[in-house]
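J.: Residue numbers (my numbering): 36 to 306.
Beta carbons: idealized from backbone N, C-alpha and C, even for Gly.
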Ligand code: KIV
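1) Answer yes if the segment 227-236 comes into contact with the segment 155-171, meaning at least three C-beta pairs across the two stretches below 8 Å, and no otherwise.
2) Can you pull the DSSP bridge partners for residue 179?
3) Write down the C-beta distance between residue 173 and residue 150 rounded to the nearest angstrom, noting that I regard them as a contact closer than 8 Å.
4) Can you tell me whether residue 129 is buried or exposed, with buried defined as 16 or more other CB within 10 angstroms of its CB?
5) Between residue 226 and the ligand KIV, is the CB less than 7 Å from at least one heavy atom?
6) Taking its Cβ as the centre, do 16 or more other Cβ atoms sit within 10 Å of residue 378, making it buried, or is it exposed?
7) With 16 other CB atoms within 10 Å as the buried threshold, where does residue 43 fall?
8) For a quick check, are the C-beta atoms of residue 77 and residue 118 less than 8 Å apart?
9) Do residue 256 and residue 59 count as a contact pair if the criterion is CB distance below 8 Å?
10) Does DSSP put residue 137 in a helix, in a strand, or in coil?
11) Apart from the five residues on each side of it in sequence, which residues of its chain come closer than 6 Å, Cβ to Cβ, to residue 87?
12) So within the segment 58-140, which uninterrupted beta strand (DSSP E) runs reach at least 3 residues, ignoring any that extend past its ends?
13) When the Cα atoms are used, what is the spatial distance from residue 229 to residue 209?
14) With a CB to CB cut of under 7 Å and the five nearest residues on each side skipped, what residues in its chain are close to residue 12?
15) Which two residues bound the contiguous beta strand (DSSP E) that contains residue 267?
16) Do residue 204 and residue 176 have their CB atoms nearer than 8 Å?
17) Spatial neighbours of residue 276 within its chain, please: C-beta separation below 6 Å, excluding the five flanking residues on both sides.
18) Between 258, 179, 104 and 113, which lies nearest to residue 211 when the distance is taken from Cα to Cα?
19) Helix, strand or coil for residue 203, going by three-state DSSP, please let me know.
20) Tell me which residues share the same chain as residue 259 and place their Cβ nearer than 7 Å to its Cβ, disregarding the 5 neighbours each side in the sequence.
21) Are there any heavy atoms of the ligand KIV lying less than 7 Å away from the beta-carbon of residue 263, as far as the coordinates show?
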C-alpha cells in the first residue's frame with residue numbers, strides 16, 4: 036500500500052511545488068466514510084460535483100446545489116487532517132458574474148473549511164478566475180471534457196481530437212494559467228494534447244482520461260471500487276469489485292434474518 040509521510044494537511048503552495056518532484060495522487064470523496072479511508076493515501080481530495088450522480092443518483096452533474104456542495108465538503112474536511120480538500124463549484128454558481136462567483140466561492144471556502152475550489156473554465160471564464168485569485172481564492176481550472184457542458188456538447192465526448200479542438204484546449208489552458216489558476220484538471224483530453232499542455236505548464240496538471248505524463252491523476256473513487264454506474268468510461272481502471280462484496284455480505288444478512296439465524300442471544304442485552 037502506498038501512503039505518504041505527511042503529518043499535517045497539505046497546503047495549496049505545497050501541492051503546486053510537487054510538479055516535477057513527485058506524482059500527485061487524488062480521488063473524489065463526498066462522505067465521511069470514504070474521506071477517512073483515503074486521507075492517508077492521497078494528496079488532495081476532490082469533492083466533485085459527480086456527487087450529484089454518484090451520491091444522489093441524478094442523471095448529470097447539473098443538478099448539484101450550492102448547499103449540498105457545502106454540506107458534503109464540510110463532512111470531508113471534518114473527517115480528514117492530511118489531504119488538502121478541493122470543492123467543485125456547482126453549475127450556475129459562478130458563471131453569471133465575477134461578483135456571483137466570488138460570493139459563492141467565498142461561502143464554500145468559509146462554510147466548509149476547504150482549501151480551494153475547482154471551476155469548469157474555458158477561455159470565457161478566465162477573467163472570473165483572475166477576479167477570484169486576486170481576492171484570495173485558489174482556483175483549479177477544469178478544461179477538456181467539462182461535464183457541466185453536457186447539453187452543449189450533446190454528450191460526454193473526448194476533446195482535442197481535431198487540430199481546431201486541440202488549439203482551443205491549448206488556448207483554454209494558457210488563458211486559465213495566465214489568470215492565476217494554481218493547477219489545471221484535464222478531463223477526456225487527447226493524449227498528445229494533454230502531454231503538450233503539461234510540458235508547457237509551470238503549474239501541475241491533473242489528468243482523468245488524459246495522459247500518464249500529467250503531473251497527477253484523479254479518479255472517482257466509486258468507479259475504481261466497482262461501485263459506479265453500469266457504464267464504466269474507458270479511462271477508469273477498476274481496482275476492486277466492492278459492489279460484489281456488499282451484495283454478498285448484505286445478502287447473507289438478509290438470508291439469516293429471514294431464516295432466524297441472526298440475531299442470536301449473543302447479540303442481545305440482559306441475557
Ligand atoms: O466531479 C468530479 O468528480 C470531477 C472529476 C471527474 C474530475 O470533476
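T.: Walking through what the data contain:
1) no
2) Along the chain shown, one-based indexing puts residue 179 at 144. Its beta-bridge partners are 222.
3) Taking the first residue of the chain shown as 1, we reach residue 173 at position 138. Taking the first residue of the chain shown as 1, we reach residue 150 at position 115. Going by Cβ atoms, the distance from residue 173 to residue 150 rounds to 7 Å, so yes, they are a contact pair.
4) For the purposes of this step, residue 129 is identified with residue 94 of the chain shown, where counting begins at 1. Burial call: buried.
5) Translated into positions along the chain shown, residue 226 becomes position 191. No, since every heavy atom of the ligand KIV falls outside the 7 Å radius drawn around the Cβ of residue 226.
6) Nothing in the structure corresponds to residue 378, since the chain is present only between 36 and 306.
7) The residue labelled residue 43 in the question sits at position 8 within the chain shown. That one is exposed.
8) In the chain shown, counting from the first residue as 1, residue 77 sits at position 42. In the chain shown, counting from the first residue as 1, residue 118 sits at position 83. Closer than 8 Å, so yes.
9) Residue mapping note: residue 59 aligns to position 24 of the chain shown, counting from 1. Residue mapping note: residue 256 aligns to position 221 of the chain shown, counting from 1. Taking 8 Å as the Cβ cut-off, residue 59 and residue 256 do not qualify as a contacting pair.
10) Counted from its first residue, the chain shown places residue 137 at position 102. Three-state result, residue 137: helix.
11) As a first step, residue 87 must be located in the chain shown, where it is residue number 52. For residue 87, where only same-chain residues beyond five positions count, the Cβ hits under 6 Å are 93, 96, 98 and 99.
12) Correct list: 59-63, 79-82 and 119-123.
13) Taking the first residue of the chain shown as position 1, residue 229 is located at position 194. Taking the first residue of the chain shown as position 1, residue 209 is located at position 174. Distance between the alpha carbons of residue 229 and residue 209 is about 13 Å.
14) Missing from the structure shown is residue 12; the chain here goes from 36 to 306 and no further.
15) Indexing the chain shown from 1 puts residue 267 at position 232. Residue 267 -> no beta strand (DSSP E), and no H or E assigned at all.
16) By 1-based counting over the chain shown, the position of residue 204 is 169. By 1-based counting over the chain shown, the position of residue 176 is 141. Residue 204 is not a Cβ neighbour of residue 176, given a cutoff of 8 Å.
17) Taking the first residue of the chain shown as position 1, residue 276 is located at position 241. So the list reads 261, once near-sequence residues are dropped.
18) Walking along the chain shown from the start, residue 211 turns up at place 176. When each option's Cα is compared against that of residue 211, the closest is 179.
19) Here residue 203 corresponds to residue number 168 of the chain shown, with the count starting at 1. Looking at residue 203 - three-state DSSP - the assignment turns out to be helix.
20) On the chain shown, residue 259 is found 224 positions in, with the first residue counted as 1. So the qualifying residues of the chain are 271, 272, 273 and 274.
21) What you label residue 263 is simply residue 228 of the chain shown in a count that begins at 1. No, the ligand KIV has no heavy atom inside 7 Å of this Cβ.
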